[in-house]
Amino acid sequence: MDTRWDRAQEVEQSHQHHISLDSETEAKNKLNNFPIEIQELEDKKILAVGGGTGMIHAIDSEESVSIDPITNSSIQDIEQSSAELITGVGESLPFPDTYFDAVICYNVLDHTINPEKVAEEIFRILDDDGILIFRLNVYELPDIILSHLNMIDKPHPHHFDTEDVLGLLESVGFDTNVTRIDDKSIFDYSYKELSLKKSIACLVLQWRKIYVLGTK
């Protein structure tokens, strides 16, 4: 097992977003970045890779599944989720080819052991007419710096710039449509929200959020 990934999971379990589920309003706000209406997903079979406590729990779909290495039955209101919870990793998805109509991979790829394998597995289990709903934090920095960011950003074993992540998705077969790029600034946060890590990410690391709609 990748020791960097093990350490990242230990840190990740303590984060707030593994405590309470996304509300329907939060899910709608996230989907607006693509842009997708939540009603468009109601008759779909949906998988969230690294679903955690995210939007998968707020989407009333035909079939919804969340696979995550961290599954916690003590999460607030977990019984209200209609999603099936599976403990597992994105590198080995226990589903047949072309099974899902939509796959959500929302701020997950940089947490994985093998990002390329995760992308391959998502492509495999996604229907030929399906969609990938994808978001990731990226940093527009030289590769030599990106390769060492995990030393100060322990929850993330991997770091990408925009070109790298689009290239990865396209290399496994996806057509990519960047629906939004959100350049982050210290002025996006209140004084209480602005941690040292966020300050460094905004001012030094050229942090941005990239939203991608992927198709086959």
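Read left to right, the sequence shown gives residues 1 to 216 (the UniProt record's numbering). For glycine and all other residues, C-beta sits at the position ideal for the given N, C-alpha and C. The model shown is predicted, which means the values in this text are computed figures rather than measured ones.
- Bounds of any alpha helix (DSSP H) do not take in I133; it lies within the beta strand (DSSP E) bounded by 126-139.
- In summary, E26 is exposed, with fewer than 16 beta-carbon neighbours lying within 10 Å of its beta-carbon over all protein chains present.
- At the C-beta level, N114 and K209 stay beyond 8 Å of one another.
- Cβ-Cβ distances below 7 Å link T176 to L166, L169, E170, V212, G214 in the same chain, with the five nearest sequence neighbours on each side left out; the list follows chain order.
- Counting along the chain, the unbroken alpha helix (DSSP H) around G167 starts and ends at 162-171.
- Judged by DSSP in its simplified three-state form, L85 adopts strand.
- The way I'd put it, the region 92-109 does touch the region 55-70; three or more beta-carbon pairs between them come closer than 8 Å.
- Sixteen is the threshold: when 16 or more other Cβ atoms of the shown chains lie within 10 Å of the Cβ of I125, as they do, the residue is buried.
- The residues G50, G51, G52, in chain order, have a CB closer than 6 Å to that of D68 in the same chain once the five nearest residues on each side in sequence are set aside.
- For T25, the enclosing alpha helix (DSSP H) covers residues 24-31.
- The beta carbon of F34 is closer than 7 Å to those of I133, T179, Y211, L213 in its chain, skipping five residues each way along the sequence.
- DSSP, read as helix, strand or coil, puts I67 in strand.
- By the criterion of a C-beta distance shorter than 6 Å, L47 is surrounded in its chain by V65, F100, V103, once the five residues flanking it on both sides are discounted.
- In the same chain as Q80, and ignoring 5 residues on each side of it, the C-beta atoms closer than 8 Å to its own belong to L21, H57, in chain order.
- Residues of the same chain with a CB within less than 7 Å of the CB of L41, apart from the 5 flanking positions on each side, are I59, S61, A102 in chain order.
- Setting aside the 5 residues that flank it on each side, K117 is surrounded in the same chain by E91, each with a C-beta closer than 7 Å to its C-beta; the list follows chain order.
- The beta carbon of G173 sits closer than 6 Å to the beta carbons of F123 from its chain, once the five residues preceding and following it are set aside; these are given in chain order.
- In the three-state DSSP reduction, L21 falls in the coil class, being neither helix nor strand.
- Bounds of any beta strand (DSSP E) do not take in A58, whose DSSP letter is neither H nor E.
- Judged by DSSP secondary structure, V103 falls within the beta strand (DSSP E) whose first and last residues are 100-106.
- In the structure shown, I38 falls within a helical segment according to DSSP collapsed to helix, strand and coil.
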